[in-house]
Amino acid sequence: MTMQKPTIALLAIPEVAASTLYGVYDVFAAAGRDWPVLIEGKAGEPLFVPQVVACTGTRELTIANGVRIVPDAGLDWVPDVVCIPEIMLPPQAVLEGRYAEEVEWLKRCHADGTILATACSGALLLAESGLLRGEDATTHWAYCDVLARYPDVRVHPHRALVVGGTGNRLVMAGGGTSWSDLALYLIARLASVDEAMHLAKLFLIDWHAAGQLPFAMLARTRQAEDAVIARCQTWIAEHYDEPSPVASLIEVSGLSERSFHRRFRKATGLTPMEYVHTLRLEEAKQMLETDKTPVDAIAEAVGYEDGAFFGRLFRRKVGLTPAQYRRRFGGLRKALAG
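Letter 263 of the sequence shown, counting from 1, is numbered 263 in full-length UniProt numbering, and no numbers are missing.
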């Protein structure tokens, strides 16, 4: 008797990118089929049934960047796995009520035992459904603050993959190409580790073991709601390397110390010192990528007299030591520059 193959529904919405949608599709479609082509000279039996689904049914749908697709099915069935590739919207976009039909379908699928898996900003749809309440979660680093605003969601910005929920049926990958981690994890879980390893070798997939932090940067743009704090942000962007930057910020603001700290955190989501550290580390990352200045000299240039403290802070916030960051991203920049 032939076992029924797991069905993988890839949710298409107008704001999804074809590269992510069909990248996940291709990896699942290759499982069981493509490795034997290389080893034995003939295709093997596919292990999964991937399908692109949309609330529009099988009618043509225009997605991100004007790409037109034709989904395989609508939302009138319950698959074994639902993958939500991403939502290509700015972090400040309002999602409430925007994907009502998709959210209801996700809740129905989850109630029936489906694994719900997201890549990048797709985790926001799980948050909209309420399924992340009380759960660990991750998403693209630029959307972590947005995800953290949902009630009782424990966001882990540094992690490239988070698995949780009842029966470990909520699976979230971080940003960018971490969709490949998501696909490999699900294939290892639903088929075998060996098959996931075959596909990693076939597609040259490199697991994001270091998480998202090495790729992250200051995601918060200058806000405009609090004009006083906006003025302080403009000032600190040019003076972050100076001694006692927070004391100087308070003076620039003209506010009392207590009011300044309260308003700054409300406006930016960070304490003033956290904000300064972020600016300094971004400048340090740029210097590590682009020149060979010694690490201690970089630390001093961005405002840290203690090189050891800088090294510890960098490792904690970025996930790599300064030397590791330089090797990884300096080498990449050099290769791209030709």
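The beta-carbon is built from N, C-alpha and C at its ideal position, and this holds for glycine as well.
Inclusion of V153 and L147 in the CB contact set at 9 Å is warranted, their separation being smaller than that value. Bounds of the beta strand (DSSP E) holding A117 are I115 to T118.
Counting every other CB atom within 10 Å of its CB across the protein chains shown gives S253 a total of 16 or more, marking it as buried.
The distance from the Cβ of V276 to that of I236 is about 6 Å, consistent with a contact at the 8 Å cut-off. Only buried fits G175, as 16 or more other CB atoms lie within 10 angstroms of its CB.
The residue from T58, K285, E300 and G303 with its alpha-carbon nearest to that of G319 is K285. DSSP places A173 in no alpha helix (DSSP H) but in the uninterrupted beta strand (DSSP E) bounded by L170 to A173. Cα atoms of Q4 and D112: separation of roughly 17 Å, rounded to the nearest angstrom. Taking the Cα of A31 as reference, the smallest distance to any Cα among G134, E45, L313 and R98 is reached at E45.
Of K317, I298, S180 and L288, the smallest CA-CA separation from R328 is found for L288. About 5 Å separates the beta carbons of I115 and V81, which is inside the 8 Å limit, making them a contact pair. Inside the region 298-338, DSSP marks whole alpha helix (DSSP H) runs of 4 or more residues at positions 307-318, 322-325 and 331-337, from first to last along the chain. Counting C-beta pairs with one atom in each stretch, the region 66-73 and the region 84-104 have fewer than three that are closer than 8 Å, which means they do not touch. S180 places its beta carbon less than 9 Å from that of G23.
CA-CA distance, E225 to L47, rounds to 52 Å. Rounded to whole angstroms, I187 and S19 show a C-alpha spacing of 19 Å.
In the DSSP assignment, G164 falls within the beta strand (DSSP E) that extends over L161 to G164.
If you check the CB distance, V155 and E86 do not come in under 9 Å.
Rounded to whole angstroms, P272 and G57 show a C-alpha spacing of 49 Å.
Taking C-alpha positions only, A117 is separated from I205 by approximately 19 Å. Burial check for P294: the Cβ neighbour count within 10 Å stays below 16, so the residue is exposed.
DSSP, read as helix, strand or coil, puts D181 in helix.
V52 sits in a strand when the DSSP states are folded into three classes.
Rounded to the nearest angstrom, the Cβ distance from L11 to I84 is 5 Å, consistent with a contact under 8 Å. Cβ contact annotation for V302 (same chain, cutoff 6 Å, sequence separation greater than five): D241, R280, E283 and A284, in chain order.
Counting of Cβ neighbours within 10 angstroms places P151 among the exposed residues, the total staying below 16. Taking the C-beta atoms as reference points, Q51 is found nearer than 9 Å to I8. For the set P36, G331, L199 and A123, the Cα lying nearest the Cα of D145 is the one of A123.
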